[in-house]
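Asker: What follows is a single structure, and I will ask about it in a moment.
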Amino acid sequence: NAGVTQTPKFQVLKTGQSMTLQCAQDMNHNSMYWYRQDPGMGLRLIYYSASEGTTDKGEVPNGYNVSRLNKREFSLRLESAAPSQTSVYFCASSEGQPQHFGDGTRLSIL
Amino acid sequence: AQSVTQPDIHITVSEGASLELRCNYSYGATPYLFWYVQSPGQGLQLLLKYFSGDTLVQGIKGFEAEFKRSQSSFNLRKPSVHWSDAAEYFCAVGVDSNYQLIWGAGTKLIIKP
């Protein structure tokens, strides 16, 4: 089973460029999540989607947008990338608890 | 506000020694409790979870954790660590019906040969 698949795995952007991170899950989960991970700060929730057709802001939504394309897919978009958005981004899915994670996207903004 | 504290940023133990990683949470009711492990360059893997019932829970890779309500703690233990246990460990607490998690900052485990 693939579980949660994130693409790309690595990306380097210049300040001001836009980018969409893709996430797909094959576990038929209703809920999906986007986190960012920064050293010493654990994981911080950017946006989540409790079910298909709904999205809600998490702890750190500024500078990001999301789309729940269908039950399987949940994308994260950076419209105008900033160096402060350099991070590792994780997508997760769940049906209740626990959450299941992808391998992450390592994003650097120059 | 709800919070999760992992007091130790780094812990170094010798291979074969016992391990205890601390986790304390702040929440009014009994939460869902989780420990995840992250190997370098990898995603997060669930080690174990507590929802209700027996306060000592067994997980994968020989780990266990004990929920102590009176201390608001959920400490992770392993009787004998292996070099492959070197990783970062995260405690998380689930507190609402949207299944969001609140995360600790993580503890990096270093194994001495």
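So the sequence lines, in the order shown, correspond to chains A and B. Per the numbering used here, the first sequence starts with residue -9, numbered consecutively. Per the numbering used here, the second sequence starts with residue 560, numbered consecutively. Virtual Cβ for every residue (Gly too), placed ideally from N, Cα, C. On a predicted model such as this, the values are computed, not experimentally measured, just so you know.
Please confirm whether residue 15(A) has its beta-carbon closer than 8 Å to some beta-carbon of chain B.
Answerer: The residue labelled residue 15(A) in the question sits at position 25 within the first sequence. For residue 15(A), the answer is no, since every Cβ of chain B falls outside 8 Å of its Cβ.
Asker: Is there at least one Cβ from chain A nearer than 8 Å to residue 633(B)'s Cβ?
Answerer: As a position in the second sequence, residue 633(B) is number 74, starting the count at 1. So no, residue 633(B) is outside the interface.
Asker: Return the CA-CA distance between residue 670(B) and residue 620(B), expressed in angstroms with no decimal places.
Answerer: As a first step, residue 670(B) must be located in the second sequence, where it is residue number 111. As a first step, residue 620(B) must be located in the second sequence, where it is residue number 61. Going from the Cα of residue 670(B) to the Cα of residue 620(B) covers about 16 Å.
Asker: Counting only Cβ pairs nearer than 9 Å, list the residues of chain C close to residue 54(A).
Answerer: Checking the listed chains, one finds no chain C in this structure; the protein chains it contains are A and B.
Asker: Would residue 617(B) count as contacting chain A if we go by Cβ distances under 8 Å?
Answerer: Translated into positions along the second sequence, residue 617(B) becomes position 58. Closer than 8 Å: no.
Asker: Are the CB atoms of residue 11(A) and residue 23(A) nearer to each other than 8 Å?
Answerer: Counting from one through the first sequence, the residue named residue 11(A) turns up at place 21. Counting from one through the first sequence, the residue named residue 23(A) turns up at place 33. For residue 11(A) and residue 23(A), no; Cβs fall outside 8 Å.
Asker: Which residues of the stretch 577 to 597 of chain B have a Cβ closer than 9 Å to any Cβ of chain A? Give them in chain order.
Answerer: Listed by position, the residues of the stretch 577 to 597 of chain B near chain A (Cβ gap below 9 Å) are 591, 593, 595 and 597.
Asker: Against chain A, with Cβ distances strictly below 8 Å, would residue 606(B) count as a contact?
Answerer: As a first step, residue 606(B) must be located in the second sequence, where it is residue number 47. So, not an interface residue.
Asker: Excluding the 5 residues flanking residue 80(A) on each side, which residues of the same chain have their C-beta closer than 7 Å to its C-beta?
Answerer: Sequence index remark: in the first sequence, residue 80(A) carries index 90 (1-based). Once the five neighbours on either side are set aside, the close Cβ partners of residue 80(A) are 25, 27, 33, 91, 92 and 94.
Asker: For residue 6(A) and residue 78(A), I'd like the C-alpha separation in whole angstroms.
Answerer: The residue labelled residue 6(A) in the question sits at position 16 within the first sequence. The residue labelled residue 78(A) in the question sits at position 88 within the first sequence. So the two alpha carbons sit approximately 18 Å from each other.
Asker: Smallest Cα separation from residue 667(B): which of 639(B), 649(B) and 653(B)?
Answerer: One-based indexing of the second sequence puts residue 667(B) at position 108. Ranking 639(B), 649(B) and 653(B) by Cα distance to residue 667(B) puts 649(B) first.
Asker: Does the stretch 562 to 579 of chain B come close enough to the stretch 80 to 89 of chain A to have 3 or more Cβ pairs within less than 8 Å?
Answerer: Short answer: they don't touch.
Asker: Let me check one thing: in DSSP terms, what residues is residue 24(A) bridge-paired to?
Answerer: Here residue 24(A) corresponds to residue number 34 of the first sequence, with the count starting at 1. Its beta-bridge partners are 37(A) and 81(A).
Asker: Helix, strand or coil: how does DSSP classify residue 553(B) here?
Answerer: As shown, chain B starts at 560 and ends at 672. That puts residue 553(B) outside it, with no answer to give.
Asker: Please work out which residues of its chain come closer than 7 Å, Cβ to Cβ, to residue 55(A), disregarding the five sequence neighbours upstream and downstream, and give them in chain order.
Answerer: As a first step, residue 55(A) must be located in the first sequence, where it is residue number 65. So the qualifying residues of the chain are 67 and 69.
Asker: In this structure, how does DSSP classify residue 620(B) when only helix, strand and coil are distinguished?
Answerer: As a first step, residue 620(B) must be located in the second sequence, where it is residue number 61. DSSP places residue 620(B) in helix when its eight states are reduced to three.
Asker: How would you call residue 662(B), buried or exposed, if buried means at least 16 neighbouring beta carbons within 10 angstroms?
Answerer: The count along the second sequence starts at 1 and reaches residue 662(B) at position 103. Residue 662(B) is buried by the Cβ-count criterion.
Asker: If you count every other CB in all the chains shown that lies within 10 Å of the CB of residue 2(A), and 16 or more means buried, which is it?
Answerer: Sequence index remark: in the first sequence, residue 2(A) carries index 12 (1-based). By the 10 Å Cβ count, residue 2(A) comes out exposed.
Asker: Show which residues of chain B have a CB atom less than 8 Å away from the CB atom of residue 100(A).
Answerer: Along the first sequence, read from residue 1 onward, the residue named residue 100(A) stands at position 110. Within chain B, no residue comes near residue 100(A); the closest Cβ sits about 21 Å away, beyond 8 Å.
Asker: Quick one: does residue 560(B) have its CB under 8 Å from some CB of chain A?
Answerer: Residue 560(B) sits at position 1 when you count from the first residue of the second sequence. Not closer than 8 Å to any Cβ of chain A, the Cβ of residue 560(B) fails to qualify, so no.
Asker: Establish whether the CB of residue 649(B) and some CB of chain A are separated by less than 8 Å.
Answerer: Locating residue 649(B) in the second sequence gives position 90, where the first residue counts as 1. So, interface residue.
Asker: Less than 8 Å between the CB atoms is what I'm expecting for residue 603(B) and residue 595(B), so what's the real figure, rounded?
Answerer: Residue mapping note: residue 603(B) aligns to position 44 of the second sequence, counting from 1. Residue mapping note: residue 595(B) aligns to position 36 of the second sequence, counting from 1. Confirmed, about 4 Å.
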